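Quick mapping for you: the protein sequence lines, in order, are chains A and R.
Each residue of the first sequence is one higher than the one before, counting from 0 in numbering that gives the first Met the number 0.
Each residue of the second sequence is one higher than the one before, counting from 0 in numbering that gives the first Met the number 0.
Don't be surprised by glycine CBs; every beta carbon is placed ideally from N, CA and C.
Computed from a predicted structure; not experimentally measured.
Here is the structure we will look at.
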Amino acid sequence: MRDVAIISLGQTDHARERNDVNDVEMLMPVLADAMKAANITKDRVDFVCSGSSDYLAGQGFSFVTTLDAFGPWPPISESHVDMDGAWALYEAWVKMQSGHADISLIYAYGRSSPGDIRRVMSRQLDPYYTAPLWADPVSLAALQARAGLEAGSFTEEQMAEVVAASRRNAKANPHAQLSGDAEAKALLDEDYFVSPLHKHDCPPITDGAACVIIAAGDVARELSDRPAWIRGFDHRIEPNALGVRDLTTSVSTRQAADKAQVAAGGVDVAEIHAPFSHQELILRDALGLGDDVSINPSGGALAANPIMAAGLIRLGEAAARIGRGEADRALGHATSGVCLQQNLVCVLEGE
Amino acid sequence: MSEITLPARLDDLEMVKSIRTPARLEYDYMPGAAPSRFLQGVAQKRLLGQRCPVCRKVYVPARGCCPTDGVPTEEEVELPHVGTVTSFCVVNVQFYGQVMELPYVSALILLDGSDIPLMHLIQEVDAREVHMGQRVEAVWVPDDEIGPTLESIKYFRPTGEPDAAWDTYKDNV
């Protein structure tokens, strides 16, 4: 395998609504920040890969126009996934393995404010049985949380602890949308939003974007003092139909973690893409993380959830901990689909 | 593929051949900073473009970014209301929602001092006389009807000037 490392991350200051800019205007400074941090100009980028969703934008082929934020001239080599940018990073990593690129720029963006996000997200369900019910992601996450609580997999107190930790950690993250000192006990006293979920168990509605740059071998060493080398990378998917899988566990995460060799060497820090509080508990278990692992020091998706970028940000944040010398082995995780249907695990190491 | 055999208890049931599951989603579309600036200009009967600091091209309407260089186009440039037809089509076919009388002409018009044409209508001239290189000017709706929309320009019409030289618009056809 060719050594490839994450060398920089750029992201927006995530907000409830960015109606002051269009997608291109939102992306330009993020790409510029990431390239500046990687000490490169755009002529050094061999491959561009992006992740976004036309359903969020409410426009067909919206990703084509946002390429303007990079400036695709002279003609560039690029690709796009209608997935979280973490999967765009995976595609770029595969491309790097082929030897056809030494530096790749990956960006992802999503704004949830233009549409009714709960209705929009219901369109990812199967069109025959579930989508006509307009089952929304909050209600489906509540089903999953209920199943987990009834099975004894976790408690409401543990869910509140996840939220309190996220808010606390996010105080050190200048890009976070939600942060602060919240006591788990006080959180439990709040009204239910969609039982058994309180509003704080759900991700904020976010407009935002992120950009990650990866480089191979000596190019990464040239550009970064401490590259975060990708040592394990895998993603797995489960059926879309909710009735055919056990919602209280995450088989696909466990399999991806096995393939990415999370257990071999353990990790110091894990950035887990868990939009709902109980999902962090399910994922921690599936990833086999012990109590000594620092979980979501950025605050995670409960602190800011730019859909399509939130997973890519987890990988970038995990790499940034290595870059700053705060960790030697880190895990980045991304999820997609309903109730943790699809999961990606990336293991990163410093030298 | 082998034949699918249904259980006997389903023998008398009619097969579902199709279903209808209507879906409707509504969005509030945000034009962004640069397009908003352009539309606000139109509401004041002004045509505002933006210049790229790298390649110096002027875009109108601007989207806030040079699509070649990937940098913000922050320098505002006020453009005249006259330009050159770089390409056009004569619409002869009726379609649903049509408001124009046939035949009519849609054209790409390169405003003087800009580097990308904008699309608008050509009127006050026989459709057969519209041609590439023709010089045209904007005709605005009455002042009390002007708003932040390109419909504030009713159409463009020939100025009667001699045709523009090919070199002045050859990069925009």
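Contacts with chain R at 8 Å (Cβ-Cβ) do not include A:K35. At least one beta carbon of chain R lies nearer than 8 Å to the beta carbon of A:D19. The C-beta of R:H119 has 16 or more other C-beta atoms within 10 Å across all chains shown, which makes the residue buried. When 8 Å is used as the limit between beta carbons, A:Y127 is near these residues of chain R: I18, T20, in chain order.
Rounded to the nearest whole angstrom, the CA to CA distance from A:N38 to R:V129 is 52 Å.
The alpha-carbon separation between A:N295 and A:W72 amounts to approximately 38 Å.
The contact set of A:M95 on chain R, defined by CB atoms closer than 8 Å, is empty, because the minimum CB distance reaches about 22 Å. Taking a cut-off of 8 Å for Cβ pairs, the region 327-347 of chain A and the region 248-267 of chain A touch, as three or more such pairs fall below it.
Taking a beta-carbon distance threshold of 8 Å, R:D27 counts as an interface residue toward chain A.
Inclusion of A:A144 and A:A302 in the CB contact set at 8 Å is not warranted, their separation being larger than that value. Contact annotation, R:M29 with A:N18: C-beta distance approximately 5 Å; criterion of less than 8 Å satisfied.
Sixteen is the threshold: when 16 or more other Cβ atoms of the shown chains lie within 10 Å of the Cβ of R:V104, as they do, the residue is buried. The criterion of a C-beta distance shorter than 8 Å is satisfied by A:S276 and A:V161.
The three-state secondary structure of A:D53, taken from DSSP, is helix. Listed by position along chain A, the residues whose Cβ is nearer than 7 Å to that of R:A61 form an empty set, because the closest Cβ is around 10 Å away. Note: A:G70 is not bridge-paired with any residue in the DSSP secondary-structure output. Between the alpha carbons of R:D11 and A:G242 lies a distance of about 28 Å. Taking a beta-carbon distance threshold of 8 Å, A:V137 does not count as an interface residue toward chain R. Annotation for A:K184: the continuous alpha helix (DSSP H) segment containing it runs 183-187.
Using a CB distance cut-off of 8 Å, R:T67 counts as an interface residue toward chain A.
In chain R, no part has a C-beta under 8 Å from the C-beta of A:K170; the shortest such distance is about 30 Å. The C-alpha of A:S178 is placed about 22 Å away from the C-alpha of A:V193. When DSSP states are grouped into helix, strand and coil, A:A262 belongs to the coil group.
Listed in chain order, the beta strand (DSSP E) runs fully inside the region 36-77 of chain R are 46-50, counting runs of at least 3 residues. Not a single CB atom of chain R sits nearer than 8 Å to the CB of A:E77. Excluding residues up to 5 positions away in sequence, T247 lie with their Cβ nearer than 7 Å to the Cβ of A:A150 in the same chain. Check the Cα spacing between A:S152 and each of A:R15, A:G315, A:A285, A:A318: the tightest is with A:A285.
Between A:A130 and chain R, the shortest Cβ-Cβ separation is below 8 Å. With a threshold of 16 other beta carbon atoms within 10 Å, R:Q49 meets it and is buried. If the five residues before and after A:A183 are omitted, its C-beta is found closer than 6 Å to the C-beta atoms of A159, E160, A163, all from its own chain and listed in chain order. A contact is defined here as three or more CB-CB pairs under 8 Å, and the region 228-238 of chain A fails this definition with respect to the region 19-30 of chain A. The three-state secondary structure of A:D233, taken from DSSP, is strand.
When rounded, the separation of the alpha-carbon atoms in A:D135 and R:Y168 is 52 Å. Note on A:H13: 16 or more other CB atoms within 10 angstroms of its CB, so buried under the neighbour-count rule. For R:P52, the closest Cβ of chain A is not nearer than 8 Å. The Cβ atoms of A:A263 and A:D125 lie no closer than 8 Å to each other.
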